[in-house]
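> Those sequence lines, one after another, are chains A and B.
Remember, our numbering sits 171 above the position in the first sequence when you count from 1.
Remember, our numbering sits 19 above the position in the second sequence when you count from 1.
All residues carry an ideal CB built from backbone N, CA and C; glycine is no exception.
The structure presented is a predicted model; accordingly, all values stated were derived computationally and were not measured.
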Amino acid sequence: MELFLQQVLNGLTLGGVYALVALGLTLVYGILHVPNFAHGAFYMAGAYSAFFLINRLGLNYWWGMAGAAVTVALISVLSERLVFHPLRKAPYLHHMIASIGILLFLEAGAQALWGADFHRMETPYTQLLTFGSLTLPAQRVLIIGAAFLLVVLLQLFLTKTITGATIVAMAQNREGAALVGIDATRVAMLTFAIAGALAGMAAVLYAPINLVYTSMGHLVITKAFVIIVLGGMGSVPGAIAGGLIIGFAEAFGAFYISTDYKDIIAFALLVLILSVRPQGLFARGAH
Amino acid sequence: MKMLNPTAGWTLLLVLALAFPFLAGNDYHLTVMSTAYIYAIATVGLNLITGYTGQFNLAHSGFMAVGAYTVGILTVDHGFTFWAALPLAGLVAGLLGVFVGLVSLRLKTHFFSIFTLCVGYIMFLLIEKWESLTHGTVGIVGIPAPEPVAGLDFSEPRALYYLVLGFLVASLWVMHRIVRSLLGRTFMAIRNSDDLAQALGIDLMRNKLLAFVLSVFFAGLAGGLYAGSVRFLGPGIAGVEHTFDMTMYMLVGGIGTLLGPLLGAIGVPWLTQYLQFLQEYRFVVFGPLLVLLVIFLPHGIVGTWLNRRRRRVARGAPTVPATAPAPVQEVRHA
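1. Confirm, please, whether the CB-CB distance from residue 387/A to residue 218/A is below 8 Å.
2. Whole angstroms is fine: what's the gap from residue 311/A's alpha carbon to residue 301/A's?
3. If you reduce the DSSP assignment to three classes, tell me which class residue 205/A lands in.
4. So, is residue 295/A buried or exposed, given that buried needs 16 or more other C-beta atoms within 10 angstroms?
5. Does the beta-carbon distance from residue 64/B to residue 248/B come in below 8 Å?
6. Pairing CB atoms from the stretch 149-163 of chain B with CB atoms from the stretch 238-253 of chain B, are three or more of them under 8 Å?
7. Hey, does residue 132/B have any beta-carbon neighbour from chain A nearer than 8 Å?
8. Over what stretch of residues does the beta strand (DSSP E) that includes residue 302/A continue unbroken?
9. From residue 95/B to residue 162/B, what distance separates their C-alpha atoms?
10. Grab the span of the beta strand (DSSP E) containing residue 305/A for me, first residue to last.
11. Would you mind working out which of 187/A, 178/A, 179/A sits nearest residue 318/A, comparing C-alpha positions?
12. What in chain B is Cβ-close to residue 268/A, meaning under 7 Å?
13. So the candidates are 425/A, 395/A, 250/A; which of them puts its Cα closest to the Cα of residue 415/A?
14. Roughly how far, in whole angstroms, is the beta-carbon of residue 292/A from the beta-carbon of residue 240/A, given that I think they are within contact range, below 8 Å?
15. Applying the criterion that 16 or more other CB atoms from any shown protein chain within 10 Å of the CB defines a buried residue, is residue 333/A buried or exposed?
16. Considering only residues of the stretch 26-65 of chain B, which uninterrupted alpha helix (DSSP H) runs meet the minimum length of 4 residues and lie entirely inside it, listed in chain order?
17. Strictly under 8 Å for the Cβ-Cβ distance: is residue 148/B near chain A by that measure?
18. Can you list the residues of chain B that residue 435/A reaches, using a CB-CB cut of under 9 Å?
19. If you draw a straight line from the C-alpha of residue 105/B to the C-alpha of residue 243/B, how long is it?
20. So residue 417/A contacts chain B; which residues on that side make the cut at Cβ distance below 8 Å?
21. Starting from the beta carbon of residue 156/B, find every residue of chain A whose beta carbon is closer than 8 Å, and list them in chain order.
22. For a test of the three-state rule: what should DSSP assign to residue 251/B, helix, strand or coil?
23. Assess contact between the stretch 327-345 of chain A and the stretch 185-202 of chain A, defined as three or more Cβ pairs (one per stretch) separated by less than 8 Å. Is contact present?
24. Enumerate, from N- to C-terminal direction, the unbroken alpha helix (DSSP H) stretches of 4 or more residues contained entirely within the stretch 171-235 of chain B.
25. Would you identify the three-state DSSP class for residue 290/A, choosing helix, strand or coil?
26. Strictly under 8 Å for the Cβ-Cβ distance: is residue 263/A near chain B by that measure?
27. Taking contact to mean at least 3 C-beta pairs separated by less than 8 Å, is the stretch 317-324 of chain B in contact with the stretch 270-278 of chain B?
28. Can you give me the start and stop residues for the alpha helix (DSSP H) that residue 246/A sits inside?
29. Under three-state DSSP, which class holds residue 159/B?
30. State yes or no: is the C-beta of residue 62/B within less than 8 Å of the C-beta of residue 207/B?
31. Please state whether the Cβ-Cβ distance between residue 51/B and residue 280/B is less than 8 Å.
32. Kindly say whether residue 300/B, judged by its beta-carbon, lies nearer than 8 Å to any beta-carbon of chain A.
33. Under 8 Å, do residue 241/B and residue 83/B count as touching if we go by C-beta distance?
34. Exposed or buried, which one is residue 457/A when buried takes at least 16 other CB atoms within 10 Å?
35. Under 8 Å, Cβ to Cβ, is there at least one residue of chain A near residue 116/B?
36. Using a cut-off of 8 Å between C-beta atoms, extract the partners of residue 128/B located in chain A.
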């Protein structure tokens, strides 16, 4: 039973991080109508900027996270302005290739600045918490708490504010949103900023229990793709549900099947589901 | 300047390639060129499904790795000769392509790309983790050089160079035959609009599958050659960044043309050689280059040149319609 609960908590940790990354990806998908491969590099950039602020400049963890959120939001908005905006009328293939260009640039840039070594990010939350018979590293509890707080805040922003509603409107139907007078340029920039900030914060949450290295975004972004396909491209609740499904599948798969093959489980799940339902589990018809 | 006609152009390229070993300063240059040719074979294959048929495949380096590991495992662990294992490299990759294609090609646009991205990752992770078959992260060492044929010792860089060049020329010829045939036209019709193609009575699934299997067959073959020429394999060869590399080669040269991906696959690695000081930071330059190309020169160098020439021909002789298919990637939004 304890082992089972331990896996539930592992699943929540992974699921929370994946959901944050997938949320940004799914929002940007609504704007671009193309999966943004550079999103994984945004995640990586978040970890590196926080690593720099915390380990080199000696700021505390939370300032590191805030710095990462701002930096990645900026990178994300710049990519939208400089790359995706000029391409908005181009075929989808060109968007995807351009996003690969951004990915290569950011990864090589991080490597040029900080080298190819693996880095360890410091966290002040190294103690172990005990709940009854369960022992938990504080950082994992923090990840779960912070991830769910961010998800709830984003959800409130999207549903309770006018600005949030314009993002959702544009994600759901770009042409329709333009018809009712939504300023597409402003919404696109805002969406990219939010997506970048979420990816950056997710990276800072997860990096202390993993490591910081230039290709750290690869697996995470690929899983985020799996999640948004599962959850329906462009769907916010879908991204949250999908994140949890993949998080749990991986945690339980690692425990009951094999740690070696845990990363394959998410991909195998997608391959299986798309073989049966090409439109994804919760697709809403179009797109 | 008078325009080169295609036959003369290709002959010139072939003569240059044949003369290269006599012009190259050292064996290192030969090895760089041989490896570039091997990736050119895989890129020419990728161009069939991505450039001509419009399905952006992200598992290509995975299929190349399958071919390479087929040769590596069969020769090192099972005592096959290189020549017996090489055709199997193409075959195994092709067979796997049938299975992957049957499922993935039902998906359109970026769904297909995401699916193949995951397939590529599954291949990479399987190669890394399935130690009893693939030797895991240790990799496969001691792959034999291709056994001598007619007295040519292929462990010698010059002979190996000509061997790889032979395969490249053969691959290009086969690809030329494919894209100039009715089948090639069918692929391009699917690329330009699969709805329209279907309305014309084209069996989408069958043709896409055929393009995909042919494409990954080239990747498998290139992988087999890679195993025989580098003679060492690690899981890294399946890395998705190699697919990105090949995509870049295609795009720099001109996607959906025969010459473009070839020139890209040969030119870009050479550019990297000359930009030695960049070393692993080459992507700091190439990333933005890729973005600029997509924005300002979406048809690549060869594609833009072909378009311009076609326009000039059309202006000069308005009564003659341009018969060659446009190398333009006219894919619509989903």
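Here's the rundown:
1. Result yes, Cβ atoms of residue 218/A and residue 387/A sit closer than 8 Å.
2. Distance between the alpha carbons of residue 311/A and residue 301/A: 12 Å.
3. In this structure, DSSP gives residue 205/A a state outside helix and strand, which the three-state scheme calls coil.
4. Burial call: exposed.
5. In terms of Cβ geometry, residue 64/B and residue 248/B do not form a close pair [threshold 8 Å].
6. Touching, yes.
7. Between residue 132/B and chain A, the shortest Cβ-Cβ separation is below 8 Å.
8. Per DSSP, residue 302/A is one residue of the beta strand (DSSP E) stretching across 299-302.
9. Going by the C-alpha atoms only, they are around 6 Å apart.
10. Note, residue 305/A: beta strand (DSSP E), 305-308.
11. Residue nearest to residue 318/A within the set 187/A, 178/A, 179/A is 187/A (criterion: CA-CA distance).
12. The contacting residues are 266, 270, 309, 313.
13. Per the C-alpha coordinates, the member of 425/A, 395/A, 250/A positioned closest to residue 415/A is 395/A.
14. The C-beta separation of residue 292/A from residue 240/A comes to about 15 Å, leaving the pair out of contact by the 8 Å criterion.
15. With fewer than 16 neighbouring CB atoms inside 10 Å of its own CB, residue 333/A falls in the exposed class.
16. Complete alpha helix (DSSP H) runs here, min 4: 46-65.
17. Interface residue, yes.
18. Per Cβ cutoff of 9 Å: 140, 141, 144, 145, 148.
19. Distance between the alpha carbons of residue 105/B and residue 243/B is about 5 Å.
20. None at all; the shortest Cβ gap to chain B is about 12 Å.
21. Going along chain A, no residue has its Cβ under 8 Å from residue 156/B, so there is no contact; the nearest lies around 11 Å.
22. Shown here, residue 251/B sits in a strand according to DSSP, grouped into three states.
23. Yes, the stretch 327-345 of chain A is in contact with the stretch 185-202 of chain A.
24. Runs found: 176-199, 201-211, 213-218.
25. In this structure, residue 290/A counts as strand in the three-state DSSP scheme.
26. Using a CB distance cut-off of 8 Å, residue 263/A counts as an interface residue toward chain B.
27. Yes, they touch.
28. If you look at residue 246/A, you'll find it in the alpha helix (DSSP H) that goes 232-250.
29. Note: residue 159/B maps to strand in three-state DSSP.
30. No, these two residues do not count as a Cβ contact at 8 Å.
31. Taking 8 Å as the Cβ cut-off, residue 51/B and residue 280/B do not qualify as a contacting pair.
32. So yes, residue 300/B belongs to the interface.
33. At the C-beta level, residue 241/B and residue 83/B come within 8 Å of one another.
34. At residue 457/A the pLDDT is 40, less than 50, meaning the model places this residue with poor confidence and gives no usable figure here.
35. Not flagged as an interface residue toward chain A: residue 116/B, since no C-beta distance is shorter than 8 Å.
36. Going along chain A in sequence order, the residues near residue 128/B (Cβ under 8 Å) are 263.
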